[in-house]
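There are 4 protein chains.
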Amino acid sequence: MLIVMRPDAAETDIDRVLDVIETLGFRGHVMPGENRTAIGITGNKGSVDPTHFENLRGVAQAIRVTKPYKLISKELRPEKSVIKVGTGTIGGDELAMIAGPCAIETREQLFAAAEAVAASGARFFRGGAYKPRTSPYAFQGLGVEGLKMLAEVRDQYGLNIVTEAMDERGIDAVEEYGDCIQIGARNMQNFSLLRYAGRAKKPVLLKRGLSATLDELLLAAEYLMAEGNYDVILCERGIRTFADHARNTMDLSIIPAVHRLTHLPIIVDPSHGTGHNYMVTPLARAGVAVGADGLIIEVHPKPEEAMCDGAQALTLEQYADLNGQVISLYKLINAQVAEPVSG
Amino acid sequence: MLIVMRPDAAETDIDRVLDVIETLGFRGHVMPGENRTAIGITGNKGSVDPTHFENLRGVAQAIRVTKPYKLISKELRPEKSVIKVGTGTIGGDELAMIAGPCAIETREQLFAAAEAVAASGARFFRGGAYKPRTSPYAFQGLGVEGLKMLAEVRDQYGLNIVTEAMDERGIDAVEEYGDCIQIGARNMQNFSLLRYAGRAKKPVLLKRGLSATLDELLLAAEYLMAEGNYDVILCERGIRTFADHARNTMDLSIIPAVHRLTHLPIIVDPSHGTGHNYMVTPLARAGVAVGADGLIIEVHPKPEEAMCDGAQALTLEQYADLNGQVISLYKLINAQVAEPVSG
Amino acid sequence: MLIVMRPDAAETDIDRVLDVIETLGFRGHVMPGENRTAIGITGNKGSVDPTHFENLRGVAQAIRVTKPYKLISKELRPEKSVIKVGTGTIGGDELAMIAGPCAIETREQLFAAAEAVAASGARFFRGGAYKPRTSPYAFQGLGVEGLKMLAEVRDQYGLNIVTEAMDERGIDAVEEYGDCIQIGARNMQNFSLLRYAGRAKKPVLLKRGLSATLDELLLAAEYLMAEGNYDVILCERGIRTFADHARNTMDLSIIPAVHRLTHLPIIVDPSHGTGHNYMVTPLARAGVAVGADGLIIEVHPKPEEAMCDGAQALTLEQYADLNGQVISLYKLINAQVAEPVSG
Amino acid sequence: MLIVMRPDAAETDIDRVLDVIETLGFRGHVMPGENRTAIGITGNKGSVDPTHFENLRGVAQAIRVTKPYKLISKELRPEKSVIKVGTGTIGGDELAMIAGPCAIETREQLFAAAEAVAASGARFFRGGAYKPRTSPYAFQGLGVEGLKMLAEVRDQYGLNIVTEAMDERGIDAVEEYGDCIQIGARNMQNFSLLRYAGRAKKPVLLKRGLSATLDELLLAAEYLMAEGNYDVILCERGIRTFADHARNTMDLSIIPAVHRLTHLPIIVDPSHGTGHNYMVTPLARAGVAVGADGLIIEVHPKPEEAMCDGAQALTLEQYADLNGQVISLYKLINAQVAEPVSG
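Chains as they are written, first to last, in the numbering used here: chain A, 1 to 343; chain B, 1001 to 1343; chain C, 2001 to 2343; chain D, 3001 to 3343.
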């Protein structure tokens, strides 16, 4: 059930609707829009009787939701969501550039990368302190020590920090030291973790699972939002197919599909999406051209010495070149189309 | 590194090897075999110098391990592992039958299913108290109340309980009330959870992820074992492909591949593997014929009323029929081949 | 449109229906069954008016067909089709065993394989004279010379010959020298070839394409039948997925799906389906257990010297062992179930 | 084996090398380049002795080829091939735009589309006279009548005609009436057809199969070239995966991979690649951004009345808009990078 308020509805009208929802034992989710506010209802087992709401003051419509997702839906919020991440935003008029090393290895490596990323004009820095590794014997990240270094990067360069958490302790720590909690592909359907992150106070970057359908990705976002965290950014990072010339197959058609169904921003990760250095820049361009709201790129001062995923990391020079290309590409595309390309 | 002891090595010889391993800052994993004991080493960053061990009393050989996995490997333990689950075993001479409803719904439903499963001669009962659901709005299971009902089923019918945990609290609870902790397909690469389950005192049933390669499945098992839990049972439950006539594509060739590389037992789940009632019995037969050590089957007294996955649940009658078929099939196959089919 | 005749309908009644169909500009396909004959209609653009037929003598029913396929359907022919291939049959009470080398290389190789296959009691022999090879520079087969050798094998051992054709000339040649035309996986949607084979006078073994859905496989069979060749045998030979432990992923759940929808027999190819010698026998057992009507197996007197696919070929001894296993398995399964397992 | 000639080698030197190749029983393929000519050798079973060539006049080097493909390789021809198609080129400095309806239905439909395509400045027109359809009962195309209409389109609008052939008769007919023979995805490994098209005198547009790996695509091109047809254009048109939000999954990372390994141009088909009207323009932009040499787009004056694939066809207005976007995008990208993006 979705309650659409009239444009002239007052705060008190909204509060009254929320009261009724609560009295019924459900939860209301307020989504302010440009022209009107909508209120999503979750927690109901069956369908909700619309007559509870139709005669309340300020209510324009009570709409039954037939799709399996409610809060991510454009029905609830027709305008695109602009997500505030630290001092920057994702989903607005600017291409969001998130760059940094796969894993935090040393201060030197981290600060060298951060300096180059800041110099490029990017607003966001990535770097893994907790690394989900296929083998238990591979390097697992520096943990909290790494997060503290990331916080220093923020202090020194003004970059907003995006970093992965793999469990509840990790989410608490990222909430403390970082600006955006990344949920990795392998945890996209770790529903307990999604619920926990849904109660965090920082935005969440949710990466698509290796074999997740569009619906599954959207419902994973719905898990976060149903707990009250509406600041969700999606990320396409390649899916697993038979094709063997790249590490994964980037599925760029999901970008227009996401923009058609949801109000959430979506970014593209051509580093994990391809796994090959020489493919990253072409696919970054493709991601921007298809309408993504941002890019997340792995850079390393010395890719050949990287402890993790060196084959896909760009050098600092390659990143500067990529950045120049995609910024002008983004401008061209947004100038071309009357409404934003991703609209 | 893998230390193979001589057949006549004494306990004290083994302890001496473990001491040296510990002194070096690593961890030793003792794997007793029919003819000799082997000791796996984990925790080393690079390769370990074999000369530390070669001259110790009772040591036959120090072997460098070149594969990414160590503890699951047949090199470490040439004989198949027989895993004790409550009062039963999986991986031994008997086909392990695990049956029960997808989700625990009511006492009536649970006990009706349990009575039929017990009557069939099965030793294991399944039933979900924590359900990983794609949508946050779907039925999520009865939680601890459900686990308590399962414990009653064990008391009444002598069935050993296999049930899923989705997070640390769930693992603690299953450890308390159940006999075997199931890690679901969506959590196969939830590495934090694997580590936690690796410290539990109950065996773990590890389901293959929807797009997991053989190596990824084996390394997930390795996560469990590296923490000291050697009682791991693998499970093939279908992978995600383009094929649309079944919910998933059962990949039965993984059974001989697992038996070739590891000492771990592997069972087959034709219920999730197909998603269609009419396919479950044929694919259960195929699973046994290919060499699986057991089956896990969804049964429901009234599939049409099931709160979860009703389309794939067998009726109690259908299950009895399936059980009869696969038991005689298993006998035939094991009689035919000099060594067990899965050898 | 599907015309079901009454059990007591006379030949002349059937002829009358065919006349009417022809007068309307369509084509009638007579499918005799145990209890009644049905007549499929093809060639119509839109739906056909049932009143043309309902009052003709001997007509029980005129049924509108809503599925995209008509002639393969159980609606047209509820009983399973038993396909005559030379002096043998596929789809009847006996497990059809087809064995032989991937490619015909030399007389010695071919006759050594044939002798062993005949000794096992198999009724069918395979061997490639025209080889579809990924590279233009790989061995492409002996062509007509190879077919002539196959004809000698038939004369000497009484084996019925199944061999692949890749184009119209090949179909003509196989029709002349062989007993069953194999259409390979890469040509499953070579619609011109299917039409041509649909006008041949020999049965067709149609292998599933590497990424063919069930519907696509059935419609490829429909192409053959629409041209008048009703002697079609389907074959599951593995699909292409991300899984890398086998050359392809055998999709055994298609066997019960095919038996549910169609009257056509389906066999299983565990040699191409797995690509690994050690997997062939377990998967052959699984194929029989799931309900396949036969197996097609690659054998070679000296697999290590094979010019093509040596890694998956069984030795003659291994084949004899496989054959013994699957024959007794087939008997057990057919004894167990009241109706045949594939029913 | 690959013979690289010296920059100053004379025609007579090249002829002498070809004579030696012929004398050895092999076939030579001359590939002129900007700075030097190379000669590929095919038809050899094993490796060729380089000493046959090393001392011939004008020979710089005889290089053993270790990859499975020879003639498509950059080793043979470091510069990109520019393929002449009628009066236009593909692979040169201009983005090749190929547009037109899926199937030729009527003169009106065809000429309405052609007028709009010509007005956009495109040099190439597509339209299917022979349609590979999954069902034998679906519209199969107008055949030669359709080809004659296409020839009229060329006469009237100066557009070069790209159209599919499904068999040898079709190739003869397209050679007569069209400018470029399209081999469809389902025939990518129809090796008999590839050989036949390799002997045609018109260029070939080779579409990637639904589950073809990069190597398989390249070797299919090699089939064409080994017969002497060096005018090959590749096409990415989406692969089959589990993802269900689009008809196929466009695999754009194959574009940089093809450009890295081969001298052949590659274009992108976002119409079949997505199957949804609203995705075509974003994915067309992405294709250009990733470095494709051209696009092939389905347009229809009235998509809602199309006899085939209407859901993915653009209206004439949408096509004009797409065209404007991709042309300026192509210019930007080629201006940005010192060497062409696809280099």
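Where a beta carbon is used, it is the ideal one built from N, C-alpha and C, also for glycine. Quick caveat, the model's predicted, so the values are computed rather than measured.
Spatial neighbours of residue i in its chain, beta-carbon cut-off 7 Å, leaving aside the 5 residues before and after
| i | result |
| --- | --- |
| Y130/A | G141, G143, E164, A165, M166 and G170 |
| E34/A | E79 |
| R3240/D | L3210, S3211 and N3248 |
| A3246/D | T3274, G3275, H3276 and M3279 |
| A335/A | none |
Distance between beta carbons of residue j and residue i, contact taken as under 8 Å
| i | j | result |
| --- | --- | --- |
| L2322/C | T2281/C | 5 Å |
| A2226/C | T2042/C | 5 Å |
| V2258/C | G2287/C | No, V2258/C and G2287/C are not in contact; Cβ-Cβ is about 13 Å, not under 8 Å. |
| P2101/C | A2116/C | With 8 Å as the limit, P2101/C and A2116/C do not qualify as a contact, their Cβ atoms being about 11 Å apart. |
| G58/A | M1/A | Not really, about 16 Å apart at Cβ, beyond 8 Å. |
| I3090/D | I3083/D | 5 Å |
| I1297/B | Y1319/B | 6 Å |
Neighbourhood of residue i by C-beta distance below 6 Å, restricted to the same chain and skipping five residues each side
| i | result |
| --- | --- |
| L1018/B | G1028 |
| E3094/D | none |
| E3175/D | A3200 and K3202 |
| V85/A | N160, D179, C180 and P203 |
Coil, strand or helix - residue i by DSSP
| i | result |
| --- | --- |
| E138/A | Glu is not the amino acid found at residue 138/A; the sequence shown has Ala there. In this structure, A138/A counts as coil in the three-state DSSP scheme. |
| G3128/D | strand |
| P3340/D | Per-residue confidence for P3340/D stands at a pLDDT of 41, beneath the threshold of 50, marking its modelled position as unreliable; the derived number appears in the next sentence. Coil at P3340/D, not helix or strand. |
| R3133/D | coil |
| G3088/D | strand |
| K148/A | helix |
| R2186/C | helix |
| T3037/D | strand |
Backbone CA spacing between residue i and residue j [nearest angstrom]
| i | j | result |
| --- | --- | --- |
| D3215/D | E1216/B | 25 Å |
| Q3325/D | K3074/D | 31 Å |
| L1252/B | A3289/D | 41 Å |
| D1231/B | Y177/A | 38 Å |
| T106/A | A306/A | 11 Å |
| G2343/C | I2255/C | In this prediction, G2343/C has a pLDDT of 35, which is less than 50 and means its spatial position is unreliable; nothing more can be read from the coordinates. |
| I2014/C | A2038/C | 9 Å |
| T3213/D | A3220/D | 11 Å |
| N3229/D | V299/A | 43 Å |
| A60/A | P50/A | 12 Å |
| G1052/B | D1008/B | For the record, residue 1052/B in the displayed sequence is His; it is not Gly. Those two C-alpha atoms are separated by around 20 Å. |
| Q3189/D | P2136/C | 11 Å |
| P311/A | N277/A | In the sequence as displayed, the identity of residue 311/A is Ala instead of Pro. Near 6 Å, if we compare the C-alpha coordinates of N277/A and A311/A. |
| L110/A | A185/A | 23 Å |
| P3303/D | E3317/D | 12 Å |
| S3328/D | D3172/D | 38 Å |
Whether residue i touches residue j by CB criterion (8 Å)
| i | j | result |
| --- | --- | --- |
| M3149/D | R3077/D | no |
| G1146/B | I1183/B | no |
| R133/A | F139/A | yes |
| L1218/B | L1261/B | yes |
| L3264/D | C3235/D | no |
| F26/A | N44/A | yes |
| A3118/D | Y3069/D | no |
| A1062/B | I1003/B | yes |
Interface flag, residue i vs chain G, CB-CB below 8 Å
| i | result |
| --- | --- |
| A2103/C | Here chain G cannot be found, since the structure's protein chains are A, B, C and D. |
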